[in-house]
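Counting with UniProt numbering, you get residues 1 to 95 for the letters of the sequence shown. Beta carbons: idealized from backbone N, C-alpha and C, even for Gly. Every value quoted in this text rests on a predicted model; they were computed, and no experiment measured them. Notes to accompany the following structure.
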Amino acid sequence: MAKMKIAWNAEPIENEILYALIDNRGEMLTTDLQRKLSNMYEDFTRADLMKHLFKLEVRSFIHVVGIKKDVSKIELSKYGQFSDEVRKKIKEFMH
């Protein structure tokens with residue numbers, strides 16, 4: 001499990017991933033996301049990232065599309081069961 005570099009944070013990593021995607025207009029490369037999360041969590045690895053992305057993809061929050069061997073594109077799904085607040089932010093850039 002990844003440890004926080006800064007102060008303790010009760011926010012689940014899956015939520016951090018979704019917020020990062022929202023901040024980047026709904027899409028992001030795995031390399032950029034891993035860099036961002038590695039700055040927040042001490043021992044965050046690619047294996048951790050892939051595990052959390054798999055959980056989010058199974059729950060229909062995101063789609064992951066392979067680009068190169070070690071790089072994938074992550075996109076927010078239109079069909080995820082997001083909260084009203086998150087859905088409103090997503091609609092701002094998906095239309």
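Exclusion of the five residues before and after residue 71 leaves 29, 30, 31 as the residues of its chain whose Cβ lies within less than 8 Å of its Cβ. Around the beta carbon of residue 67, a 10 Å sphere encloses fewer than 16 other beta carbons of the protein chains shown; the residue is thus reported as exposed. In the DSSP assignment, residue 58 falls within the alpha helix (DSSP H) that extends over 46-58. Excluding sequence positions up to five before and after residue 93, its CB lies within less than 7 Å of the CB of 25, 26, all in the same chain and listed in chain order. With a 10 Å radius around the Cβ and a threshold of 16 neighbouring Cβ atoms, residue 79 comes out exposed. For residue 36, the enclosing alpha helix (DSSP H) starts and ends at 30-40.
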